[in-house]
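**Q** Mind having a look at this structure? Questions to follow.
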Amino acid sequence: MTRGPLPSLTLAVALALLPLGARAWEEERALAWIVAHSPLLQAQRAVTQAHQPPNGLRRVLEHTSVYARAASGTSSTVSDSGETTTADPLTVGIQVTIPLASPREQREFAAQALAEATRIDQVRGRALADLAQLRELEAERAAVGERLDFYQSKADWLQERIAKGYEGDVGALWDVAQQQNAEAAALERLDLRLTAQRRQVAHHAGDRWEPLFDYLAARGPLPE
Numbered sequence: 000m001t002r003g004p005l006p007s008l009t010l011a012v013a014l015a016l017l018p019l020g021a022r023a024w025e026e027e028r029a030l031a032w033i034v035a036h037s038p039l040l041q042a043q044r045a046v047t048q049a050h051q052p053p054n055g056l057r058r059v060l061e062h063t064s065v066y067a068r069a070a071s072g073t074s075s076t077v078s079d080s081g082e083t084t085t086a087d088p089l090t091v092g093i094q095v096t097i098p099l100a101s102p103r104e105q106r107e108f109a110a111q112a113l114a115e116a117t118r119i120d121q122v123r124g125r126a127l128a129d130l131a132q133l134r135e136l137e138a139e140r141a142a143v144g145e146r147l148d149f150y151q152s153k154a155d156w157l158q159e160r161i162a163k164g165y166e167g168d169v170g171a172l173w174d175v176a177q178q179q180n181a182e183a184a185a186l187e188r189l190d191l192r193l194t195a196q197r198r199q200v201a202h203h204a205g206d207r208w209e210p211l212f213d214y215l216a217a218r219g220p221l222p223e
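Going by numbering that gives the first Met the number 0, the letters in the sequence shown line up with residues 0 to 223, in that order.
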């Protein structure tokens, strides 16, 4: 039976040596980054902050006013030229009213705080699901890499035997090369899926997605 030329082994070997990135990142660090920078959570935090009852100093400033009112009696001043000026004196002061936080304020703030906590759980849940999918893809890629290593070792062994005159192993070497190329193609597809999955996870962090993407790809730590 006539066989075609041996498929190239170079691509398979090169792909197998690429960094896997598995276990290079931690779920909690990624989740903390997402929670800190998620646009959904930032919007909810702003709403919660707007409903927070004022603290003591803020309440004083909000309910402080300056007043001026006429006092009883009149005052007269005599200039150097002998002219007399009569004016009604003013009393100037500061008026402060400090109402206590109303039950309504407290209820609204509690409702928004609960909404924020619920939204955090939702964002974390979606991010965790995406991170779990990323872990599965990384594990699958690692398994493919292990198979490529095995086929490479087997191909090397067969090539040594052929060099020693065992021509009957040529067919086996061709089969191994076919298997290597199939695994190499699977590895390429996995790398594309991994890139897409990292991007999906990273975009949970909104405008700050790029540092998280690099972190998930094992290109460096997240900024402090």
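Positions of the beta carbon are idealized from the N, C-alpha and C atoms, including for glycine.
Taking the straight line between their C-alpha atoms, what separation do you get for H203 and A31?
**A** Distance between the alpha carbons of H203 and A31 is about 11 Å.
**Q** Thinking C-alpha only, which one of L113, Y214, D129, V143 is nearest Q179?
**A** Nearest C-alpha to Q179: V143.
**Q** With a CB to CB cut of under 8 Å and the five nearest residues on each side skipped, what residues in its chain are close to A201?
**A** Closer than 8 Å at the Cβ level, and outside the excluded window around A201, lie W208, E209, L211, F212, L215.
**Q** Rounded to whole angstroms, how far is the Cβ of Q158 from the Cβ of L172, which I believe are closer than 8 Å?
**A** Correct: roughly 6 Å between the Cβ atoms.
**Q** If you draw a straight line from the alpha carbon of L113 to that of V34, how long is it in whole angstroms?
**A** So the alpha carbons of these two residues sit roughly 16 Å apart.
**Q** Is the beta carbon of E104 closer than 7 Å to that of Q43?
**A** Not closer than 7 Å, so no.
**Q** Just the Cα atoms here: how many angstroms apart are A131 and R28?
**A** If I take the Cα positions, the gap works out to 14 Å.
**Q** The alpha helix (DSSP H) with L172 in it runs from where to where?
**A** Looking at the DSSP string, the run of the alpha helix (DSSP H) that includes L172 is 169-201.
**Q** In the DSSP assignment, find the unbroken alpha helix (DSSP H) run with H50 in it and report its ends.
**A** Unbroken run through H50: none, as it is neither H nor E.
**Q** Who are the Cβ neighbours of L40 in its own chain at under 8 Å, not counting the five residues just before and after it?
**A** Here the set comprises V34, E115, R118, I119, V122.
**Q** Would the beta-carbon of L136 fall within 7 Å of that of R192?
**A** Yes, Cβ-Cβ distance for L136 and R192 is below 7 Å.
**Q** Is K153 helix, strand or coil when you go by DSSP?
**A** DSSP places K153 in helix when its eight states are reduced to three.
**Q** Quick one: residues in its chain with C-beta nearer than 6 Å to the C-beta of H50, no 5 flanking neighbours on either side, listed in chain order?
**A** For H50, where only same-chain residues beyond five positions count, the Cβ hits under 6 Å are E107, F108, Q111.
**Q** Grab the span of the alpha helix (DSSP H) containing E166 for me, first residue to last.
**A** Run containing E166: none; DSSP gives neither H nor E here.
**Q** Keeping to the same chain, check which residues put their C-beta closer than 6 Å to that of G219; ignore five residues upstream and five downstream.
**A** Cβ within range, chain order: D213.
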